[in-house]
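Asks: Residue numbers (our numbering): 2 to 163.
For each residue, glycine too, the CB sits at the ideal point set by N, CA and C.
Computed from a predicted model, the values in this text were never measured in an experiment.
Could you have a look at this structure, given as structure tokens, before my questions?
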Amino acid sequence: MSEVTIIGVNLAKRVFQLHGARSDGSVAFRKKLLRGQLLAFVAQQPKGPIAMETCATTHGWARAFEGAGYGVRLIPPIYVKPFVRRQKNDVANAEAIVEAAFRPTMRFVAVKTEDQQARAMLFHTRQMFVAPHPDDQRFAWPPRRTRIDRRPGACSSQDNRR
């Protein structure tokens, strides 16, 4: 039995689904792990590529795997979806991630550094205030539920009219 060639990880909030495959595409293992168990399990596997679908936490996990000496392949969700053969669930998605990563023409996303992610967050936060989208009303200031009291002596809209 040959060893694992690639590991596909379907990230979630608490429980992660892993799919290990050999070079011929056959299944080496399918495993469900909790967040705290993921790095310890991966450290026991042979060094090789780890494929993940890009999401909010992908870059943090990718940096952790790269720090441990693994190669990381990040795949946009739009490129993973065609490889899901049955219902969309964690097991099927992890298998689809591995199958997509095997494709020689697959386009991968580069792992972002913490600085790149921080800059992107600042840019997107600024964009919400500079050019708000009609759907982004939840970001309007002050929040709708905020109650603004008028106190005696405070400036009112009547005082500003001329």
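K14 by DSSP, collapsed to three states: which one?
Replies: Correct three-state label for K14: coil.
Asks: What separation, rounded to the nearest whole angstrom, lies between the Cα atoms of N90 and N11?
Replies: Going from the Cα of N90 to the Cα of N11 covers about 10 Å.
Asks: So the candidates are T59, M129 and R104; which of them puts its Cα closest to the Cα of A111?
Replies: It is T59 whose Cα lies nearest to the Cα of A111.
Asks: Within the segment 29-70, note down every full alpha helix (DSSP H) run reaching 4 residues or more, in order along the chain.
Replies: Qualifying alpha helix (DSSP H) stretches, in chain order: 39-44 and 59-68.
Asks: Excluding sequence positions up to five away, which residues of its chain have a Cβ less than 7 Å from the Cβ of A100?
Replies: Looking at the sequence shown, residue 100 is not Ala but Glu. Result list for E100: F84, in chain order.
Asks: Compare the Cα-Cα distances from Y80 to each of M107, F66 and V92 and report the closest residue.
Replies: Nearest of M107, F66 and V92 to Y80, Cα basis: M107.
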